[in-house]
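Have a look at the structure below before the remarks.
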Amino acid sequence: MSFTLESRLDGIVGGKTAGVLTRAFGMKTVGDLLVHYPRRYAHRGELTPIGSLPPGETVTIVAEVKRVNERRMQQRKGTILEVIISDGNGEMSLTFFGQSWRMKDLRPGRRGVFSGKVGEYRGGMQFTHPDYELFDDEDEARMNAEAFANQPIPIYPATSTVASWQLQKIVAMVLDGLAPIEDPLPADVRRTRGLLSASDAVQRIHRPDFDDQIGPARQTLRMHEALVLQTALLQQRQFVRALSATARPAASGGLLERFDRGLPWELTPDQSEVGKRIAADLVGAWPMNRLVQGEVGSGKTLVAVRAMLQVADSGGQSALIAPTEVLAGQHLRTIARMLGPKLAPELIPTLLTGQMPAAERRKAALRVASGQALIVIGTHALLSESTTFADLGLVVVDEQHRFGVEQRETLRGKGSSPHALVLTATPIPRTVAMTVFGDLDVSTIRTMPQGRAGIQSFVAPVAEKPAWFGRVWERAAEEVSKGHQVFVVCPAIDADAGAKDADAEAPPVEGEAPKAHWGVVQAADVLSRHPLFGEIRVSTLHGRMPSDEKDAVMQAFARGEIDVLVATTVIEVGVDVPNASTMIILDADRFGVSQLHQLRGRVGRGGVPGLCLLVTEAAPRTPARARVEAVAATLDGFELAEVDLELRGEGDVLGDAQSGARSSLRLLRVVKDADIIADARAVAEGILDDDPTLSAHPGLAAAIERRVGMEERAALAKN
Numbered sequence: 007m008s009f010t011l012e013s014r015l016d017g018i019v020g021g022k023t024a025g026v027l028t029r030a031f032g033m034k035t036v037g038d039l040l041v042h043y044p045r046r047y048a049h050r051g052e053l054t055p056i057g058s059l060p061p062g063e064t065v066t067i068v069a070e071v072k073r074v075n076e077r078r079m080q081q082r083k084g085t086i087l088e089v090i091i092s093d094g095n096g097e098m099s100l101t102f103f104g105q106s107w108r109m110k111d112l113r114p115g116r117r118g119v120f121s122g123k124v125g126e127y128r129g130g131m132q133f134t135h136p137d138y139e140l141f142d143d144e145d146e147a148r149m150n151a152e153a154f155a156n157q158p159i160p161i162y163p164a165t166s167t168v169a170s171w172q173l174q175k176i177v178a179m180v181l182d183g184l185a186p187i188e189d190p191l192p193a194d195v196r197r198t199r200g201l202l203s204a205s206d207a208v209q210r211i212h213r214p215d216f217d218d219q220i221g222p223a224r225q226t227l228r229m230h231e232a233l234v235l236q237t238a239l240l241q242q243r244q245f246v247r248a249l250s251a252t253a254r255p256a257a258s259g260g261l262l263e264r265f266d267r268g269l270p271w272e273l274t275p276d277q278s279e280v281g282k283r284i285a286a287d288l289v290g291a292w293p294m295n296r297l298v299q300g301e302v303g304s305g306k307t308l309v310a311v312r313a314m315l316q317v318a319d320s321g322g323q324s325a326l327i328a329p330t331e332v333l334a335g336q337h338l339r340t341i342a343r344m345l346g347p348k349l350a351p352e353l354i355p356t357l358l359t360g361q362m363p364a365a366e367r368r369k370a371a372l373r374v375a376s377g378q379a380l381i382v383i384g385t386h387a388l389l390s391e392s393t394t395f396a397d398l399g400l401v402v403v404d405e406q407h408r409f410g411v412e413q414r415e416t417l418r419g420k421g422s423s424p425h426a427l428v429l430t431a432t433p434i435p436r437t438v439a440m441t442v443f444g445d446l447d448v449s450t451i452r453t454m455p456q457g458r459a460g461i462q463s464f465v466a467p468v469a470e471k472p473a474w475f476g477r478v479w480e481r482a483a484e485e486v487s488k489g490h491q492v493f494v495v496c497p498a499i500d501a502d503a504g505a506k507d508a509d510a511e512a513p514p515v516e517g518e519a520p521k522a523h524w525g526v527v528q529a530a531d532v533l534s535r536h537p538l539f540g541e542i543r544v545s546t547l548h549g550r551m552p553s554d555e556k557d558a559v560m561q562a563f564a565r566g567e568i569d570v571l572v573a574t575t576v577i578e579v580g581v582d583v584p585n586a587s588t589m590i591i592l593d594a595d596r597f598g599v600s601q602l603h604q605l606r607g608r609v610g611r612g613g614v615p616g617l618c619l620l621v622t623e624a625a626p627r628t629p630a631r632a633r634v635e636a637v638a639a640t641l642d643g644f645e646l647a648e649v650d651l652e653l654r655g656e657g658d659v660l661g662d663a664q665s666g667a668r669s670s671l672r673l674l675r676v677v678k679d680a681d682i683i684a685d686a687r688a689v690a691e692g693i694l695d696d697d698p699t700l701s702a703h704p705g706l707a708a709a710i711e712r713r714v715g716m717e718e719r720a721a722l723a724k725n
């Protein structure tokens with residue numbers, strides 16, 4: 007009986023085993039099973055000797071049964087079977103409760119592979135209910151001993167219900183009946199890069215005869231992954247380009263032209279270049295799908311406003327969706343200020359959020375539905391069914407990584423194929439941009455506007471230098487005495503409440519304390535009793551406050567009525583207070599690299615030099631300390647994005663919202679395999695240029711269908 011990668015597992019391994027594999031790993035087909043690659047390979051000659059087994063770890067050993075003993079349990083009914091095994095040097099025991107029938111198998115003299123978690127009992131080593139597989143024919147095993155000792159044993163990612171050796175047996179059974187696999191790689195690509203056929207690569211990664219077969223198999227399968235992913239993303243781009251868009255040209259003497267004439271400064275070269283690209287996209291045959299990345303304060307909002315004005319010239323509406331109420335309110339004020347008293351009344355920028363009073367919200371919704379409001383700014387409320395637009399021409403998403411793909415698509419569904427512009431202040435490494443946002447056109451704003459005073463950053467390592475902590479507060483008081491304002495950011499609202507950090511996004515790493523030392527509550531309390539802060543106006547801001555209260559605090563800070571604002575990261579994105587000179591981040595090691603960089607970007611925005619103090623108790627030369635020092639060492643967000651990728655690994659950087667790309671990466675590593683990804687993209691472009699429907703590449707079409715799966719297809723389609 008032969009089967010293909012699409013064959014269902016329950017018809018091959020039986021319903022019970024298939025059920026276990028589905029629950030443990032989500033496997034349903036032969037293809038799902040065969041992309042569960044070995045994590046590493048062991049050799050029988052190098053399996054751990056009993057004498058040096060590490061307690062608490064799951065290990066595999068080859069040993070011989072020496073003695074078997076069954077006795078009754080004293081405290082409760084039933085029996086214990088105790089089996090002593092030896093690897094020729096040391097001995098250990100296996101314990102089974104109420105399983106007398108195992109005595110038939112486990113007779114003295116039988117040898118096999120035993121696998122389990124190492125426990126300690128009465129001074130010796132013990133496995134409780136281990137998995138084992140006994141060798142059948144001892145003589146044959148001895149004859150093949152040499153080959154047997156050198157052949158790599160695949161060790162699979164396993165769970166408590168499915169052991170590595172069980173996976174090995176299931177995979178072997180499936181490989182024995184597998185029909186030849188259609189190759190996703192064109193023959194010339196395989197030949198010029200010295201890669202294996204798909205069938206050989208799959209056989210050799212799971213059942214290598216020698217170690218040197220593993221590398222070429224992995225290399226081939228990495229290229230498969232990269233090509234499948236890049237082709238799927240480029241197909242998605244083709245799909246968007248097959249939609250027809252309403253052209254939105256700027257009118258001669260219209261809104262955009264009048265706005266540009268009134269600008270008090272010139273656009274930076276990057277703003278001008280990205281603006282030209284967007285202007286061309288808006289009159290193109292298909293909907294724009296562009297990601298604009300740029301440092302905090304590089305002028306992304308200005309670029310977005312100019313795009314909105316071009317759409318408004320044709321009577322179209324633009325919707326800007328922001329991740330928080332505070333930010334949506336801030337965007338409204340910034341945009342109204344940019345438009346000025348002449349243009350604002352013509353465009354009627356309108357705020358629509360879930361927290362607005364009902365009457366106010368109804369009035370806003372009416373302005374949006376009638377088409378009176380040409381610029382609409384809001385939070386998730388824009389996604390609700392009750393929100394309708396007269397003619398939605400452009401969707402602008404601020405801080406893309408905060409929104410799942412579904413939410414973006416819901417907003418796009420409110421117009422007929424509107425243009426989409428995604429803004430992010432988190433610089434994205436080239437390889438991630440290619441892997442995750444491969445269906446978007448990416449533009450970058452690197453130059454900063456003139457007149458910025460710059461920021462100095464320092465690490466305050468208060469565990470080694472406790473006196474520096476006092477100095478941090480002295481510096482804050484000095485800045486206030488010069489007429490400037492100060493942010494103090496904490497990872498939690500209340501560190502004593504023992505709750506999870508409110509806002510720190512960094513995954514825990516070595517050197518980080520088990521919980522935050524500082525919350526907004528603790529920091530505000532210290533400042534309320536500090537002798538230098540008697541006359542200083544201190545206020546707090548965090549995510550649990552009602553949104554009108556949060557907004558009121560932010561506005562009071564912007565007006566200069568608060569000197570020191572103690573907050574969680576609700577102030578992270580987009581908050582613009584030109585008079586704020588100092589950013590103090592407590593427990594800085596609890597934040598990710600890009601998050602620290604974003605927070606720092608909140609100061610030094612006017613003509614006032616910025617100061618950022620990163621307060622940490624992390625020990626020197628630990629990863630937690632490394633990420634804080636990396637931020638202090640450079641202001642270049644693009645350099646920091648690469649550092650972040652190295653420190654954290656791509657799993658965290660790609661994030662869950664991008665599951666379509668993420669779960670299809672098995673062997674491919676975004677950082678290490680950048681060259682393979684770039685090569686695969688070029689190959690994918692060539693294939694799709696000649697064969698847009700992949701009719702001449704059935705192996706590649708089938709691999710995309712399998713790997714990307716129905717759900718992931720849906721996620722990609724919503725990108």
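So in our numbering, spot 437 of the sequence shown is number 443, and the numbers just go up one at a time. By construction, the Cβ of each residue, glycine as well, lies at the ideal position given by its N, Cα and C atoms.
Rounded to whole angstroms, what's the CA-CA distance from residue i to residue j? Just pull it up for me.
i, j, result
"V311", "P192", "46 Å"
"L660", "L235", "With a pLDDT of 39 at L660, under the threshold of 50, the modelled position of that residue is not reliable, and the figure given next carries that caveat. Rounded to the nearest angstrom, the two C-alpha atoms are 14 Å apart."
"Q528", "A625", "22 Å"
"R296", "S390", "24 Å"
"L184", "F103", "39 Å"
"W524", "E480", "18 Å"
"R267", "G260", "11 Å"
"A238", "K420", "25 Å"
"G62", "G125", "6 Å"
"T546", "S587", "18 Å"
"T134", "A24", "26 Å"
"S376", "V246", "28 Å"
"V448", "Q241", "17 Å"
"V676", "E231", "11 Å"
"E366", "Q299", "34 Å"
"H277", "A431", "Note on residue identity: the sequence assigns Gln, not His, to residue 277. Straight-line Cα distance between these residues: approximately 14 Å."
Using three-state DSSP, classify residue i as helix, strand or coil.
i, result
"S449", "strand"
"F9", "strand"
"P160", "strand"
"M362", "coil"
"T66", "strand"
"V494", "strand"
"Q105", "coil"
"F464", "strand"
"L87", "strand"
Taking the alpha carbon of residue i as the reference point, which residue from the options has its own alpha carbon closest?
i, options, result
"L617", "V26, A638, Q80 and E272", "A638"
"G321", "M344, Q378 and K420", "Q378"
"L571", "V492, L605 and A630", "V492"
"V26", "T167, E63 and Y47", "T167"
"S423", "A291, G566 and D93", "A291"
"V13", "R128, L181, R46 and P60", "Note that residue 13 is Ser in the sequence shown, not Val. For the residues R128, L181, R46 and P60, the minimum Cα distance to S13 belongs to L181."
"I354", "I341, Q361 and A365", "I341"
"L288", "L315, D218 and S278", "L315"
"E70", "K282, S58, M98 and A48", "M98"
"T450", "R228, L349 and I284", "I284"
"A573", "D93, V402 and I590", "I590"
"R117", "L398, D142 and W107", "D142"
"P497", "R452, A594 and L429", "A594"
Tell me, which residues are paired with residue i by DSSP?
i, result
"Y138", "F120"
"V298", "L429 and S449"
"S324", "I381 and L400"
"E97", "S92"
"A573", "V495 and L547"
"M589", "F493 and C618"
"Y43", "None; Y43 has no bridge partner."
If contacts are defined as beta-carbon pairs under 8 Å, then residue i and residue j qualify, I think. What distance do you get, rounded to the angstrom?
i, j, result
"R611", "G346", "Their Cβ separation, rounded to whole angstroms, is 20 Å, which puts R611 and G346 out of contact at 8 Å."
"A5", "A328", "Nothing can be reported for residue 5: it is not among the residues displayed for the chain, which extend from 7 to 725."
"P190", "A688", "Contact doesn't hold; Cβ gap of about 16 Å is too wide."
Cβ of residue i less than 9 Å from any chain D Cβ?
i, result
"R46", "In summary, chain D is missing from the structure at hand, where a single protein chain is found."
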